[in-house]
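**Student:** Just passing along the structure, written as structure tokens.
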Amino acid sequence: MSKRDYYEILGLQKNAGDDEIKKAYRKQAIKFHPDKNPGDKEAEEKFREATEAYEILKDSKKRAQYDQFGHAAFESGGAGGFGGFGGFSGGAGFDISDALRAFMSDFGGDSFFGDLFGSGGRRTRRRAGGRPGNDLQVRLTLKLEEILSGVSKTMKIKRKEKCETCGGTGSRSGKKSTCQQCNGAGRVQRVSNSFLGQVIQESVCPICHGEGAIVSDPCSTCGGDGLNSTQTKVSVDIPVGVAEGNYISIPGKGDGGPHGGPNGDLIVLIHEEKHPIFERHGIDIYCEIEITFSEAALGKTETIPTLDGKVNLKIPPGTQSEKIFRLRGKGLPVLRGGQFGDLLVKVHVKTPEKLSREQRELFEKLAETEGSSTSFFEKAKGFFS
Ligand SMILES: [Zn+2]
Ligand SMILES: [Zn+2]
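In structure tokens:
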């Protein structure tokens with residue numbers, strides 16, 4: 426039986442780089458992996474063949490041998506005199522279990538495979554009853570008024586729910602077959618050699634994601650994972666005092682788990698809508714108002730909006746521009762209530778830009794009564810001289 430050329434198997438040119446070789450193999454391995462093609466002997470052979478080719482070409486020494494002597498390099502007593510390599514004696518000795526083992530040691534810890542073989546991939550959190558679904562995130566925009574009072578919100582979310590056709594098993598017949606990669610254990614070992622000696626790492630099987638079994642006759646409605654996308658409404662009670670970046674976790678409202686596994690969680694991320702008047706500083710809120718010269722001089726009672734209705738602010742006579750008044754308890758509550766922050770009101774005294782004739786005369790009269798404003802410089806003179 427003549428063996429196919431390793432480069433040809435992987436669809437590569439003779440001068441392919443290491444990255445290209447890896448990529449080409451990865452593509453074939455995913456396509457032909459026995460767990461993706463249950464019972465398909467042809468696919469199994471292609472997987473085995475591609476893995477054998479990769480095991481040679483990824484190793485520069487073996488690749489050089491192969492380039493020089495071809496397959497003869499690895500046949501016992503062959504021209505290269507190389508004998509066996511990497512635990513298998515080349516040629517006919519490399520069977521499907523060698524291929525599965527090699528695949529695992531090359532890619533067992535590769536999250537890339539985890540993602541390609543199914544959604545969810547590499548979750549470490551394990552709960553009873555199989556692999557849990559993905560956690561979902563939604564952003565919920567709230568007004569400061571809602572943060573003050575607390576609010577109940579209903580959100581529309583897209584999530585994966587148990588497939589009705591197959592009851593969430595993902596299988597048409599309801600049966601599953603044992604995962605060949607891990608022999609049903611759900612976990613695989615990866616042996617590597619380091620300067621400390623042999624290191625054995627155990628990880629979740631990337632093919633069955635720890636379930637130990639795979640679906641060999643996928644349900645046509647859900648495609649085999651036992652889940653379908655739906656839109657659903659979820660209500661959430663928002664406690665008072667939340668802030669931008671806070672999140673609320675709603676257990677069990679995330680995606681359903683594949684093959685009947687438990688649901689993930691729904692994470693509601695709080696986003697604060699910008700308020701037209703108020704700025705938030707922790708639990709205090711802040712705003713600015715404008716008053717006129719005469720109001721600053723004579724004082725007045727100003728009606729100030731707050732997050733829950735209006736209050737009166739007494740501006741005393743002689744108020745300077747940029748003065749900040751503090752209205753106690755008119756801010757936001759601490760998270761889940763209790764203590765309240767304050768409302769800070771900065772008063773800006775507005776200088777009139779246009780004066781009517783009458784106003785002008787009044788200002789002039791006023792000016793005569795005020796004396797000179799140079800007094801500041803008079804005082805400063807003593808300082809500078
Ligand atoms: Zn497995
Ligand atoms: Zn289904």
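Counting in the working numbering, the final residue of the sequence shown is number 810, and the numbers go up one at a time with none missing. Even for Gly, the Cβ is constructed at its ideal location relative to N, Cα and C.
1) Going by Cα to Cα distance, which pick from Ala722, Glu778, Asp523, Leu752 is closest to glutamine 791?
2) Does at least one heavy atom of ligand 2 sit under 7 Å from the Cβ of glycine 558?
3) Would you mind sorting alanine 475 into buried or exposed? The rule is 16 or more other CB atoms within 10 Å of its CB.
4) With hydrogens ignored, establish whether the beta-carbon of glycine 651 is closer than 7 Å to any heavy atom of ligand 2.
5) Among residues of its own chain, excluding the 5 on either side of glutamine 605, which ones have a beta-carbon nearer than 7 Å to its beta-carbon?
6) What are the start and end residues of each continuous beta strand (DSSP E) run of 3 or more residues lying completely inside the region 572–608, in chain order?
7) When you compare each of Glu715, Lys466, Asp767 to leucine 368 by their alpha carbons, which one comes out closest?
8) Per DSSP, what kind of secondary structure is lysine 748 in: helix, strand or coil?
9) Look up lysine 389 in the DSSP assignment and say whether it is helix, strand or coil.
10) According to DSSP, is threonine 700 helix, strand or coil?
11) Taking DSSP's pairing of strands, which residues face arginine 705 in a bridge?
12) Would the beta-carbon of threonine 655 be found less than 7 Å away from any heavy atom of ligand 2?
13) Between phenylalanine 532 and isoleucine 625, what straight-line distance do the alpha-carbon atoms span, to the nearest angstrom?
14) How is the alpha helix (DSSP H) around arginine 564 delimited, first residue to last?
15) Would you list the one or two residues that DSSP bridges to serine 674?
16) Confirm the yes/no value for this check: CB of cysteine 647, any heavy atom of ligand 2, distance under 7 Å.
17) Do you know offhand how far lysine 583's Cα is from asparagine 462's?
18) If you check the beta carbons only, do serine 577 and serine 645 fall under 8 Å apart?
19) Does ligand 4 have a heavy atom nearer than 7 Å to the CB of glutamine 626?
20) Go ahead and label aspartate 520 buried or exposed: buried means 16 or more other beta carbons lie within 10 angstroms of its beta carbon, across all protein chains shown.
21) Alpha helix (DSSP H) containing glutamine 453: first to last residue?
22) Name the DSSP bridge partner or partners of threonine 420?
23) Following the continuous beta strand (DSSP E) through leucine 652, name the residue where it begins and the one where it ends.
24) I believe glycine 651 touches lysine 587 by the beta-carbon criterion, under 8 Å. Please report the beta-carbon distance rounded to the nearest angstrom.
25) Rounded to the nearest angstrom, what separates serine 674 and leucine 694 at their Cα positions?
26) What residue from Lys748, Ala527, Lys456, Arg556 has the CA that sits closest to valine 629's CA?
27) May I have all residues whose beta carbon comes closer than 5 Å to any heavy atom of ligand 1, sorted in chain order?
28) Taking only the alpha-carbon atoms, compute the straight-line gap between methionine 682 and asparagine 559 and give it to the nearest angstrom.
29) Does the region 688–708 come close enough to the region 735–753 that 3 or more CB-CB pairs lie under 8 Å?
30) Write down the C-beta distance between glycine 666 and glycine 762 rounded to the nearest angstrom, noting that I regard them as a contact closer than 8 Å.
31) Quick check on threonine 594: buried or exposed, where buried means 16 or more other Cβ atoms within 10 Å of its Cβ?
32) Sort out for me which residues DSSP pairs isoleucine 625 with in a bridge.
33) With H, G and I counted as helix, E and B as strand and the rest as coil, what does DSSP make of proline 683?
34) Which whole-angstrom value is the C-beta distance of lysine 581 and asparagine 653, which I expect to be below 8 Å?
**Tutor:** The structure says:
1) Position 366 of the sequence shown, counted from the first residue, corresponds to residue 791. The sequence shown places leucine at residue 791, not glutamine. Closest by alpha carbon: Ala722.
2) As a position in the sequence shown, residue 558 is number 133, starting the count at 1. Checking every heavy atom of ligand 2 against the Cβ of glycine 558, none is found closer than 7 Å.
3) Along the sequence shown, one-based indexing puts residue 475 at 50. For alanine 475, the number of other beta carbons within 10 angstroms of its own is at least 16, and it is reported as buried.
4) To locate residue 651, count along the sequence shown from 1; it is residue 226. Under cutoff, so the answer is yes.
5) Taking the sequence shown and counting its residues from 1, the one referred to as residue 605 is at position 180. Once the five neighbours on either side are set aside, the close Cβ partners of glutamine 605 are Pro459, Asp460, Leu525.
6) Runs of the beta strand (DSSP E) inside the region 572–608: 576–587.
7) The first residue shown for the chain is 426 and the last is 810, placing residue 368 beyond what the model contains.
8) On the sequence shown, residue 748 is found 323 positions in, with the first residue counted as 1. Lysine 748 falls in the strand class under three-state DSSP.
9) The displayed coordinates of the chain run from 426 to 810. Any statement about residue 389 would go beyond what the structure contains.
10) For this step, residue 700 is matched to residue 275 along the sequence shown. It is worth fixing the name first, because residue 700 is histidine in this sequence and not threonine. Three-state result, histidine 700: coil.
11) Numbered from its first residue, the sequence shown carries residue 705 at position 280. Partner(s): Ile710.
12) For the purposes of this step, residue 655 is identified with residue 230 of the sequence shown, where counting begins at 1. If you check the C-beta of threonine 655 against ligand 2, you find no heavy atom less than 7 Å away.
13) In the sequence shown, residue 532 corresponds to position 107, counting from 1. In the sequence shown, residue 625 corresponds to position 200, counting from 1. Looking at the backbone, the Cα of phenylalanine 532 and that of isoleucine 625 are separated by about 15 Å.
14) What you label residue 564 is simply residue 139 of the sequence shown in a count that begins at 1. Here arginine 564 belongs to no alpha helix (DSSP H); instead the beta strand (DSSP E) covers 561–567.
15) Stepping through the sequence shown from its first residue, residue 674 is reached at position 249. Beta-bridge pairing links serine 674 to Ile692.
16) Sequence index remark: in the sequence shown, residue 647 carries index 222 (1-based). Yes, since a heavy atom of ligand 2 falls inside the 7 Å radius drawn around the Cβ of cysteine 647.
17) For the purposes of this step, residue 583 is identified with residue 158 of the sequence shown, where counting begins at 1. For the purposes of this step, residue 462 is identified with residue 37 of the sequence shown, where counting begins at 1. Taking the straight line joining both Cα atoms gives about 31 Å.
18) As a first step, residue 577 must be located in the sequence shown, where it is residue number 152. As a first step, residue 645 must be located in the sequence shown, where it is residue number 220. Cβ distance not < 8 Å, so serine 577 and serine 645 don't count as in contact.
19) With respect to small molecules bound, the structure shown includes ligand 1 and ligand 2 and not ligand 4.
20) Counting from one through the sequence shown, the residue named residue 520 turns up at place 95. By the neighbour-count criterion, in which a residue is buried when 16 or more other Cβ atoms sit within 10 angstroms of its Cβ, aspartate 520 is exposed.
21) Locating residue 453 in the sequence shown gives position 28, counting from the first residue. Counting along the chain, the alpha helix (DSSP H) containing glutamine 453 begins and ends at 443–457.
22) Given that the chain is displayed from residue 426 to residue 810, the structure contains no residue 420 and the question cannot be resolved.
23) By 1-based counting over the sequence shown, the position of residue 652 is 227. Per DSSP, leucine 652 is one residue of the beta strand (DSSP E) stretching across 652–663.
24) To locate residue 651, count along the sequence shown from 1; it is residue 226. To locate residue 587, count along the sequence shown from 1; it is residue 162. Yes, glycine 651 and lysine 587 are in contact; Cβ-Cβ is about 7 Å, under 8 Å.
25) For the purposes of this step, residue 674 is taken as the residue at position 249 of the sequence shown. For the purposes of this step, residue 694 is taken as the residue at position 269 of the sequence shown. Whole-angstrom Cα-Cα distance: 9 Å.
26) Within the sequence shown, the letter at position 204 stands for residue 629. Checking every option, the nearest Cα to that of valine 629 belongs to Arg556.
27) In chain order, the qualifying residues are Cys604, Gln606, Cys607, Cys630, Ile632, Cys633.
28) On the sequence shown, residue 682 is found 257 positions in, with the first residue counted as 1. On the sequence shown, residue 559 is found 134 positions in, with the first residue counted as 1. One detail in the question is off: residue 682 reads as glycine in this sequence, not methionine. Spanning the two alpha carbons is a distance of roughly 7 Å.
29) No contact exists between the region 735–753 and the region 688–708.
30) Numbered from 1 along the sequence shown, position 241 holds the residue referred to as residue 666. Numbered from 1 along the sequence shown, position 337 holds the residue referred to as residue 762. Yes, glycine 666 and glycine 762 are in contact; Cβ-Cβ is about 7 Å, under 8 Å.
31) As a position in the sequence shown, residue 594 is number 169, starting the count at 1. Within a 10 Å sphere around the beta-carbon of threonine 594 sit 16 or more other beta-carbons, which makes this residue buried.
32) Numbered from 1 along the sequence shown, position 200 holds the residue referred to as residue 625. Within the DSSP secondary-structure output, isoleucine 625 pairs in a beta bridge with Val616.
33) As a working mapping, residue 683 is identified with position 258 in the sequence shown. Here proline 683 sits in helix by DSSP.
34) Locating residue 581 in the sequence shown gives position 156, counting from the first residue. Locating residue 653 in the sequence shown gives position 228, counting from the first residue. Contact flag wrong, Cβ pair sits at about 17 Å.
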